[in-house]
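Chemist: Quick one: the structure is below, questions incoming.
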Amino acid sequence: MAWPIFRTEGVTKVYDTGEVQVHALAGVDLTLFAGELAVLLGPSGSGKSTLLNILGGLDRASSGHVWFRDTDLTALRERGLTRFRRDHVGFVFQFYNLVPSLSARENVQLVTDVAREPMPPEEALGLVGLSHRMDHFPAEMSGGEQQRVAIARAIAKRPEVLLCDEPTGALDSKTGIQVLEALKDINDRFGTTTVVITHNAAIRKMAHRVVRFQDGRITEVEVNETRLAPHEIVW
Amino acid sequence: MEAIDIKLLRDFRRLWAQALAIALVLGCGVAIFLTSFGMFRALEDTRAAYYERNRFADVFVTARRVPGHMVEAIAAIPGVSTVETRVTGSVVLDIPGREETAVGLVISLPNGGLSQLNRPVIRSGRLPDPDAADRVMVNAPFALAHGFGAGDVFSANLNGRKRPLTITGTVLSPEYIYTLGPGALMPDNEGFGIIWMPERAAAAAFDMTGAFNSVSMSLTRGADEAEVIDRLDDLLEPYGGMGAYGREQQVSNSFIDAEIASLRSTALILPPVFFGITAFLVNMVLGRIIALERSQIGLLKAVGYSNWEVCLHYLLLAGLVAVAGIVLGWAVGGWLAHALAELYADFFDFPFLIYRVSYDVYAISAAIALASAGLGAARAALSAARLSPAVAMAPPAPPRYSRNLFDRMLAALRLSQPAMMILRAILRWPVRSGLTVLGLALAVAVMVAATFTEDSLDKIVDAAFFQSNRQDAILYFTEDKPISVLEEIRRLPGVMAVEGQYYLSAELRHGHREKQIALEARPEGSDLARVVDERGHVVVVPENALVLTRRLATHLDARPGDVIEVEFQGDKRQTNELPVAALVTQYFGLGAFIDYDTANRLFRQAPQITMANILIDPRHEADLHARLKDMPGLAGTVMLTDTRRSFQETIAENVLIMNTIYVTIAVLITVGVAYNGARVQLSERARELASLRILGFTRGEVSAILMGETVVLALAAQPVGWLLGWGISWAMTEGFTSDLYAVPLVLRPATFAQASIVVLVACLGAVLLVRRRLDRMDLVAVMKTRE
Numbered sequence: 533m534a535w536p537i538f539r540t541e542g543v544t545k546v547y548d549t550g551e552v553q554v555h556a557l558a559g560v561d562l563t564l565f566a567g568e569l570a571v572l573l574g575p576s577g578s579g580k581s582t583l584l585n586i587l588g589g590l591d592r593a594s595s596g597h598v599w600f601r602d603t604d605l606t607a608l609r610e611r612g613l614t615r616f617r618r619d620h621v622g623f624v625f626q627f628y629n630l631v632p633s634l635s636a637r638e639n640v641q642l643v644t645d646v647a648r649e650p651m652p653p654e655e656a657l658g659l660v661g662l663s664h665r666m667d668h669f670p671a672e673m674s675g676g677e678q679q680r681v682a683i684a685r686a687i688a689k690r691p692e693v694l695l696c697d698e699p700t701g702a703l704d705s706k707t708g709i710q711v712l713e714a715l716k717d718i719n720d721r722f723g724t725t726t727v728v729i730t731h732n733a734a735i736r737k738m739a740h741r742v743v744r745f746q747d748g749r750i751t752e753v754e755v756n757e758t759r760l761a762p763h764e765i766v767w
Numbered sequence: 005m006e007a008i009d010i011k012l013l014r015d016f017r018r019l020w021a022q023a024l025a026i027a028l029v030l031g032c033g034v035a036i037f038l039t040s041f042g043m044f045r046a047l048e049d050t051r052a053a054y055y056e057r058n059r060f061a062d063v064f065v066t067a068r069r070v071p072g073h074m075v076e077a078i079a080a081i082p083g084v085s086t087v088e089t090r091v092t093g094s095v096v097l098d099i100p101g102r103e104e105t106a107v108g109l110v111i112s113l114p115n116g117g118l119s120q121l122n123r124p125v126i127r128s129g130r131l132p133d134p135d136a137a138d139r140v141m142v143n144a145p146f147a148l149a150h151g152f153g154a155g156d157v158f159s160a161n162l163n164g165r166k167r168p169l170t171i172t173g174t175v176l177s178p179e180y181i182y183t184l185g186p187g188a189l190m191p192d193n194e195g196f197g198i199i200w201m202p203e204r205a206a207a208a209a210f211d212m213t214g215a216f217n218s219v220s221m222s223l224t225r226g227a228d229e230a231e232v233i234d235r236l237d238d239l240l241e242p243y244g245g246m247g248a249y250g251r252e253q254q255v256s257n258s259f260i261d262a263e264i265a266s267l268r269s270t271a272l273i274l275p276p277v278f279f280g281i282t283a284f285l286v287n288m289v290l291g292r293i294i295a296l297e298r299s300q301i302g303l304l305k306a307v308g309y310s311n312w313e314v315c316l317h318y319l320l321l322a323g324l325v326a327v328a329g330i331v332l333g334w335a336v337g338g339w340l341a342h343a344l345a346e347l348y349a350d351f352f353d354f355p356f357l358i359y360r361v362s363y364d365v366y367a368i369s370a371a372i373a374l375a376s377a378g379l380g381a382a383r384a385a386l387s388a389a390r391l392s393p394a395v396a397m398a399p400p401a402p403p404r405y406s407r408n409l410f411d412r413m414l415a416a417l418r419l420s421q422p423a424m425m426i427l428r429a430i431l432r433w434p435v436r437s438g439l440t441v442l443g444l445a446l447a448v449a450v451m452v453a454a455t456f457t458e459d460s461l462d463k464i465v466d467a468a469f470f471q472s473n474r475q476d477a478i479l480y481f482t483e484d485k486p487i488s489v490l491e492e493i494r495r496l497p498g499v500m501a502v503e504g505q506y507y508l509s510a511e512l513r514h515g516h517r518e519k520q521i522a523l524e525a526r527p528e529g530s531d532l533a534r535v536v537d538e539r540g541h542v543v544v545v546p547e548n549a550l551v552l553t554r555r556l557a558t559h560l561d562a563r564p565g566d567v568i569e570v571e572f573q574g575d576k577r578q579t580n581e582l583p584v585a586a587l588v589t590q591y592f593g594l595g596a597f598i599d600y601d602t603a604n605r606l607f608r609q610a611p612q613i614t615m616a617n618i619l620i621d622p623r624h625e626a627d628l629h630a631r632l633k634d635m636p637g638l639a640g641t642v643m644l645t646d647t648r649r650s651f652q653e654t655i656a657e658n659v660l661i662m663n664t665i666y667v668t669i670a671v672l673i674t675v676g677v678a679y680n681g682a683r684v685q686l687s688e689r690a691r692e693l694a695s696l697r698i699l700g701f702t703r704g705e706v707s708a709i710l711m712g713e714t715v716v717l718a719l720a721a722q723p724v725g726w727l728l729g730w731g732i733s734w735a736m737t738e739g740f741t742s743d744l745y746a747v748p749l750v751l752r753p754a755t756f757a758q759a760s761i762v763v764l765v766a767c768l769g770a771v772l773l774v775r776r777r778l779d780r781m782d783l784v785a786v787m788k789t790r791e
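Chains as they are written, first to last, in our numbering: chain A, 533 to 767; chain B, 5 to 791.
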């Protein structure tokens, strides 16, 4: 394995709703390495999405430290975090989060407009096999296609890390596998560190490492000796 | 184009109906601002340029007869720059083809040609030969009204002799931009003309050879006008000076002043209403859009858009709405201003109209429009900027409903569940509900304020023409006559009743305040022209006292019981002290009244009159006019029947135009507020309402909940609107009131009812539009969408 890209140290996250305090993360120490595909597994509410948001600079830890390479993300202010997201991170969400009023190409362009050295939107869409659907609007596409647009959007900026929150959660198995193929392809081809959150245990088989969550803590980190290709996975 | 800008344009297109509803309200504000402010500036600029180019005088005075040599003494008054003396006089005209008499004001032309001050602009023809006795120029509107051109002839009764006068040309004068005949309320270009006559002929006609009876003068920069007026009055006192006055009391000028003031108050009172409503609507709609686009905001931030870029994105959306409003407003405002300019051209006689709504007025209107949309968008856009991306991605927490005092009160009322839902929603967003009420109330208020003008004009017409002045015509004489002249008039054909009236020009003083006015006196028992108070009771002026109109009393800071110093002017030079017996409300002029016998006794004279009021038998009207045209000593006539009719016609026409404009405005405001309010509610409560449908509620029941909230708010807005309407009307009466006239605050129940009906119907229409969307709602799709 290569050098570390993310390192967390005693990260906690407490949500204060006024009446009760919810400990979403209760001290997480984790290192993610360049080029690896990690799957975060755990029941809902176990803290995996919270960790992903903190790694991606969408949210802040209540305590502890998060390093991206040599940068302490916990020390960055709002502007620094925006910069970090803009330059280094690609996101894929469960509900695709496409802008309904923009076509596939324009949704990707949304990112390439602000990124530093992006690939052309057409190339990104080609990588996920959507060259023929570029001018369609989200409402005209299937769920799998929409999620692949979201992946194209995430990779178009050539990010170092790709953070995917339940990318197949809203899809049936067939289209889900197409999406996972796209993610694996990107990981293999560009060496993009990829973190995939899922509560679907079957997906763990494609990862280099599997990190298990329970009640805001990591319970187990398991290394896959033999990875399966997505099309070999069944659920 | 960047993708985020494409999103902006597509969002704007998707929201077109709501954007249009807001843009129309904003456009109204911009249009009114542009029109009133533009016209206000155009009028001011045109007048200033006209006065400057044609040397409009600063001080004016008329006198009985001043010897020619006095001009040097007048010119020697410190601060006087140019003095011009003239001979002026009122004459009865006989116009070919016109049955009624007309009145002309003769002004002498100096021997050298055109006058130095109040220099007329020749519109056609040429100056008359200085030696000609029967060649004159007339004011262009008078010529136009009669189809006169150079070479046409009419007759004038000059000093008891009817003489034909040949027109050599037409002119306009800065002194008569608003050409009002004596006793008239509105310009009547057929019945009143200005006649410029060579000095020699004019002097001969009015027995003024070697003398003059009118002076106008310009002052040097920095001269003290009041001081000059005092000195001039002292100089002319022995010659029957009628009291000098400055530009602000010059009739034509003061009418333009009044018009400018009313345009200014329109520009200040109305547009802010529209800009305020725009801010509120933008705030409401954008707030909802941002709530709906939470996850998109989260996404934009996740992919690296900064808070500022997200904020700007939504500000630009409001900006597009503002731009639509500005474009609409500029188009309508430009057209309205043009139409109004033409109306002014009819009303005011300018040789040119400097109508360039300058770029800065356009720029200011656009800046205010953008600012109000921006202000409305600020809160929502900032909340979008502040939204943390992780929070934005998660569905919003459900609104916090909890049981509070209101709920316990509502529970105690045992309302149905739908009624409860309506009331809870209103109470849950008190600011939004309050502003919706305010917006709809403003629509009601605008309607009330518009209708009120009509009612108050009705009141003015009734008070002036049916209560106070009930005569058909006024005949006024070249000089005061003994009251016995009435017998002569009674014998004229068609005269059914005649009464005398006496006018005395005087300066009233109380403390350090003073005002030049005409004191009116009528013989006891006068029935044609009376002093009537606001309750319709005839006021009898007691002996040895004055009755003042309320505005004059305010001007003088005088109350009943106060003693006023009355300095009579003209022939009757003396000063008396008289107590104020009572105050009355009058809508025209700043009048004061004195008992007839007291007036005559003060001067130890046999009863005199200045004019006669008559009732005319319509069957003999033609005969009467034929006789009046030849009657010696008659300076002019005022046909009140004509005045009444033209006043009412003008009012009816203006009221129709104004009502159409204001109803449109009220409907636009109502639709803007109600439609957007209902759309936002539908968007917020789509799932809730769809759930009710699935639970078995009918379409009618569900839309009742949606419409109920707007209707409840609209009903609550009515009393608030009445109150605001009353306030705006009051502000308008204050803004419109000048020395020339007062506008009474008349508000009838029907006014309020009409305003409410228009607003409620418009409101219902707007909500029904939204209801159609509710009816077409795909229940399954709504339940599936993630908020």
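C-beta: ideal position from N, C-alpha, C; glycine also.
Taking Cβ positions, are B:VAL584 and B:VAL543 nearer each other than 7 Å?
Modeler: Working through the second sequence from its first residue, we reach residue 584 of chain B at position 580. Working through the second sequence from its first residue, we reach residue 543 of chain B at position 539. Not closer than 7 Å, so no.
Chemist: I need the straight-line Cα distance from B:ARG752 to B:ARG204, nearest angstrom please.
Modeler: Mapped onto the second sequence, residue 752 of chain B falls at position 748. Mapped onto the second sequence, residue 204 of chain B falls at position 200. Cα to Cα, the separation comes out at about 58 Å.
Chemist: Just checking, does the stretch 638 to 657 of chain B make contact with the stretch 676 to 685 of chain B on the three C-beta pairs under 8 Å criterion?
Modeler: The stretch 638 to 657 of chain B vs the stretch 676 to 685 of chain B: no contact.
Chemist: Could you check where the alpha helix (DSSP H) with B:ILE430 kicks off and where it finishes?
Modeler: Indexing the second sequence from 1 puts residue 430 of chain B at position 426. Element bounds for B:ILE430: 421 to 432.
Chemist: Are there three or more Cβ pairs, one per stretch, closer than 8 Å when the stretch 572 to 586 of chain A is compared with the stretch 741 to 752 of chain A?
Modeler: Touching, yes, given that three or more Cβ pairs across the two stretches are closer than 8 Å.
Chemist: Could you tell me whether the Cβ atoms of B:PHE216 and B:VAL63 are closer together than 7 Å?
Modeler: Numbered from its first residue, the second sequence carries residue 216 of chain B at position 212. Numbered from its first residue, the second sequence carries residue 63 of chain B at position 59. No, these two residues do not count as a Cβ contact at 7 Å.
Chemist: Less than 7 Å between CB atoms is the rule here; does A:ASP591 satisfy it with respect to chain B?
Modeler: Locating residue 591 of chain A in the first sequence gives position 59, where the first residue counts as 1. Output row for A:ASP591: interface = yes.
Chemist: Would B:ILE661 be called buried (16 or more neighbouring beta carbons within 10 Å of its own) or exposed?
Modeler: To locate residue 661 of chain B, count along the second sequence from 1; it is residue 657. Exposed.
Chemist: So with Cβ pairs under 7 Å, would you call B:ARG777 a contact of chain A?
Modeler: Translated into positions along the second sequence, residue 777 of chain B becomes position 773. B:ARG777 does not count as touching chain A.
Chemist: Got a sec: which bits of the stretch 281 to 311 of chain B sit with their beta carbon under 8 Å from any beta carbon on chain A, in order along the chain?
Modeler: SER299, GLN300, GLY302, LEU303, LEU304, LYS305, ALA306, VAL307, GLY308, TYR309, SER310 and ASN311
Chemist: Using a C-beta cutoff of 7 Å, does B:GLU6 count as contacting chain D?
Modeler: Here the protein chains are A and B, and chain D is not one of them.
Chemist: Report yes or no: is there a C-beta of chain A within less than 7 Å of the C-beta of B:ARG390?
Modeler: Taking the first residue of the second sequence as 1, we reach residue 390 of chain B at position 386. Not an interface residue.
Chemist: Strictly under 7 Å for the Cβ-Cβ distance: is B:GLU791 near chain A by that measure?
Modeler: Stepping through the second sequence from its first residue, residue 791 of chain B is reached at position 787. In this prediction, B:GLU791 has a pLDDT of 42, which is less than 50 and means its spatial position is unreliable; what the coordinates show is noted afterwards. No, B:GLU791 does not count as interfacial toward chain A.
Chemist: Under 7 Å, do B:VAL502 and B:ILE618 count as touching if we go by C-beta distance?
Modeler: Your numbering for residue 502 of chain B matches position 498 in the second sequence. Your numbering for residue 618 of chain B matches position 614 in the second sequence. Between B:VAL502 and B:ILE618, the C-beta spacing is below 7 Å.
Chemist: Use the C-beta contact count for A:GLU754: other C-beta atoms within 10 angstroms, 16 or more gives buried, fewer gives exposed.
Modeler: As a first step, residue 754 of chain A is located in the first sequence; it is residue number 222 there, counting from the start. Under this definition A:GLU754 is an exposed residue.
Chemist: Suppose the cutoff is 6 Å on Cβ atoms and the five residues either side in sequence are ignored; what does the same chain contact list for B:ASN193 look like?
Modeler: Within the second sequence, residue 193 of chain B is the residue found at index 189, counting from 1. Around B:ASN193, the same chain offers PRO145, PHE146 and ALA149 as residues with beta carbons nearer than 6 Å, after the five sequence neighbours per side are excluded.
Chemist: Should B:GLU791 go down as buried or exposed, given a rule of 16 or more other Cβ atoms within 10 Å for buried?
Modeler: In the second sequence, the residue the question calls residue 791 of chain B occupies position 787. Confidence in B:GLU791 is poor, its pLDDT being 42 and thus under 50, which makes the residue's placement unreliable; the coordinate value appears in the next sentence. That one is exposed.
Chemist: Hey, out of A:VAL631, A:HIS664 and A:ARG618, whose CA is closest to A:GLU649's CA?
Modeler: Within the first sequence, residue 649 of chain A is the residue found at index 117, counting from 1. The shortest C-alpha separation from A:GLU649 is found at A:ARG618.
Chemist: Which residues in chain A have a C-beta closer than 7 Å to the C-beta of B:PRO393? List them in chain order.
Modeler: In the second sequence, residue 393 of chain B corresponds to position 389, counting from 1. Under the 7 Å cutoff, chain A gives LEU590.
Chemist: Can B:VAL65 and B:LEU223 be called in contact, C-beta distance under 7 Å?
Modeler: If you number the second sequence from 1, residue 65 of chain B lands on position 61. If you number the second sequence from 1, residue 223 of chain B lands on position 219. Cβ distance not < 7 Å, so B:VAL65 and B:LEU223 don't count as in contact.
Chemist: Shorter than 7 Å from the beta carbon of A:GLU692 to some beta carbon of chain B?
Modeler: Here residue 692 of chain A refers to the residue found at position 160 of the first sequence. A:GLU692 does not count as touching chain B.
Chemist: Return yes when the C-beta of B:PHE756 is under 6 Å from any heavy atom of the ligand PLP, and no when it is not.
Modeler: Judged by which ligands are present, the structure shown has none, so any question about the ligand PLP falls away.
Chemist: Just to check my reading of the structure: B:LEU490 and B:VAL96 have Cβ atoms closer than 8 Å, yes? What is that Cβ distance to the nearest angstrom?
Modeler: The sequence position of residue 490 of chain B within the second sequence is 486, counting from 1. The sequence position of residue 96 of chain B within the second sequence is 92, counting from 1. Wrong, their Cβ atoms sit about 18 Å apart, outside the cutoff.
Chemist: Determine the chain B residues that contact A:ARG721 at a beta-carbon separation under 7 Å, and present them in chain order.
Modeler: Here residue 721 of chain A refers to the residue found at position 189 of the first sequence. Chain B residues near A:ARG721: none, gap ~21 Å exceeds 7 Å.
Chemist: So, is the C-beta of A:ARG618 closer than 7 Å to a C-beta in chain B?
Modeler: By one-based count along the first sequence, residue 618 of chain A stands at place 86. It does: the Cβ of A:ARG618 has a partner Cβ on chain B nearer than 7 Å.
Chemist: Quick one: what does DSSP say B:MET643 is sitting in, helix, strand or coil?
Modeler: Within the second sequence, the letter at position 639 stands for residue 643 of chain B. Strand at B:MET643.
Chemist: Sorted by chain position, which residues of the same chain lie with C-beta nearer than 6 Å to B:PHE745's C-beta, five sequence neighbours on each side aside?
Modeler: In the second sequence, counting from the first residue as 1, residue 745 of chain B sits at position 741. Before going further, note that residue 745 of chain B is Tyr rather than Phe in the sequence given. Here the set comprises TYR591 and PHE592.
Chemist: Would you kindly work out how many angstroms separate the C-alpha atoms of B:ARG428 and B:MET5, rounded to a whole number?
Modeler: Mapped onto the second sequence, residue 428 of chain B falls at position 424. Mapped onto the second sequence, residue 5 of chain B falls at position 1. Near 45 Å, if we compare the C-alpha coordinates of B:MET5 and B:ARG428.
Chemist: Per DSSP, B:GLY250 forms a beta bridge with which residues?
Modeler: For the purposes of this step, residue 250 of chain B is taken as the residue at position 246 of the second sequence. According to DSSP, B:GLY250 bridges with B:VAL63.
Chemist: Can you pull the chain B neighbours of A:LEU634, defined as C-beta to C-beta under 8 Å?
Modeler: The residue labelled residue 634 of chain A in the question sits at position 102 within the first sequence. What A:LEU634 touches in chain B: ALA7, ILE10, LYS11 and ARG14.
Chemist: Give me the residue from B:LEU717, B:LEU344, B:PRO622 and B:GLY214 with the minimum Cα distance to B:VAL435.
Modeler: Here residue 435 of chain B refers to the residue found at position 431 when the second sequence is read from its first residue. Per the Cα distances, B:LEU717.
Chemist: For A:GLU638, would you say it is in contact with chain B, using Cβ-to-Cβ distances shorter than 7 Å as the test?
Modeler: On the first sequence, residue 638 of chain A is found 106 positions in, with the first residue counted as 1. Answer yes: the Cβ-Cβ gap between A:GLU638 and chain B drops below 7 Å somewhere.
Chemist: For a contact defined as C-beta to C-beta under 8 Å, what are the partners of A:ASP645 on chain B?
Modeler: Here residue 645 of chain A corresponds to residue number 113 of the first sequence, with the count starting at 1. Near A:ASP645 (Cβ distances below 8 Å), the residues of chain B are GLU6, ALA7 and ILE8.
Chemist: Answer with buried or exposed for B:TYR363, where buried requires no fewer than 16 other C-beta atoms within 10 angstroms of its C-beta.
Modeler: Residue 363 of chain B sits at position 359 when you count from the first residue of the second sequence. The residue is exposed, with fewer than 16 neighbouring Cβ atoms inside 10 Å.
Chemist: If we define contact as Cβ-Cβ less than 7 Å, is A:GLN641 a contact residue for chain B?
Modeler: The sequence position of residue 641 of chain A within the first sequence is 109, counting from 1. So yes, A:GLN641 belongs to the interface.
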